[in-house]
Every structure is written in C-alpha cells, then in structure tokens.
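Quick note, the numbering used here runs 601 ahead of the 1-based positions in the sequence shown.
These notes are about the structure you will find just below.
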Amino acid sequence: MNNYKMIAFIILTSAILSCNNKQPFVPDYEMGIGTIIGMENCKTDLSKNAWLIQFPGPNPFNKMYGDQMTYNGTAYKNVVKTFSLPDSAKVSGKKYSFEFYLEERSSAGACDAIDAVDFNLTKIRIRNVAKAPN
Numbered sequence: 602m603n604n605y606k607m608i609a610f611i612i613l614t615s616a617i618l619s620c621n622n623k624q625p626f627v628p629d630y631e632m633g634i635g636t637i638i639g640m641e642n643c644k645t646d647l648s649k650n651a652w653l654i655q656f657p658g659p660n661p662f663n664k665m666y667g668d669q670m671t672y673n674g675t676a677y678k679n680v681v682k683t684f685s686l687p688d689s690a691k692v693s694g695k696k697y698s699f700e701f702y703l704e705e706r707s708s709a710g711a712c713d714a715i716d717a718v719d720f721n722l723t724k725i726r727i728r729n730v731a732k733a734p735n
C-alpha cells in the first residue's frame, strides 16, 4: 500500500512541477482600443478604400501606433489605416477593441476618385474586433 502512495505522490509532484516551467503567453499580434475616424477617399469603388482608426494615447502596454494627420479639418494623432475592417465596424466615431498585425506605411496609390485624398500612414491587418464601451 505504501508503494502505491509513494508512486502517486511522485507522479503528482512531477505533474505540478512540470507546469511551472512554461513561459507566459506572448501574442504575435498587437492590441489596442481605437476609434473609427472614417474612410479614406481614394478609389471610386468604396470597398477598396482604407478605413482610418485612431489609437489615442499609449495603450495598457505603453505602445503608441500610427501617425499624425488632418481629416475633414480635424487634427488626429496615432492614426493607422486598414483595408480589413469588418463591415459591422465601419461606423465613424465608434470605439472598438482591436487585435492586429502592424504592417508597413502605405498609400493606396493610383487614386481614381474625384478630389482623392490618400494618406501615407502605418497600415494594420486586423485579426479580431470587439465593441468597446464609448
């Protein structure tokens, strides 16, 4: 009987100690809460225009994303653009929690819209979006 208790104790102890050797999860993506500013006016096909998002101030991880710009006469800081915003989130002024991958600065180039405005901003590729309290 004592052998069984000893074997059970050894197995339990090794299982507990093996769980302590794991490194904490570090995501390969960025996270932040941002506000939808609006859509870039570059292409006549509206589905091909980028959406502009502002990440105000440093996020909980003390990171800042994006660039300064003026949109419809209002100055913004920490603005990025994305071509992967879900249709449900395409509402100017709404705040969302984003998980995203940073990409290179980019202008759409070859704009064909009348009075086209193309911003050369840091681009992001969205992984996940959730509504945040406004």
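Ideal placement from N, C-alpha and C gives every residue a C-beta, glycine not left out.
Just so we're clear, the structure is a prediction, and the values are computed from it rather than from any experiment.
Query raised in the report: Quick one, are the C-beta atoms of Arg726 and Ser685 less than 8 Å apart?
Result: Their beta carbons are under 8 Å apart, which means Arg726 touches Ser685 by this criterion.
Report task. Kindly list the residues whose CB is nearer than 7 Å to the CB of Ser648, restricted to its own chain and excluding five residues on each side of it in sequence; keep chain order. Result -> none
Query raised in the report: Going by Cα to Cα distance, which pick from Gly633, Lys644, Ala733 is closest to Lys657?
Result: A quick correction: the sequence has Pro, not Lys, at residue 657. For the options Gly633, Lys644, Ala733, the alpha carbon positioned closest to that of Pro657 is the one of Gly633.
**Report entry** CB-CB length for Ile612 against Ile638, believed under 8 Å
**Finding:** Actually they do not touch by this definition, with Cβ atoms about 57 Å apart.
Report task. For Gly635, count neighbouring C-beta atoms within 10 Å of its own C-beta (all shown protein chains included) and say buried if the count is 16 or more, exposed if not. Result -> buried
Report task. With DSSP as the reference, please indicate the residues paired to Gln669 in a beta bridge. Result -> Looking at the DSSP assignment, Gln669 forms no beta bridge with any residue, so it has no partner.
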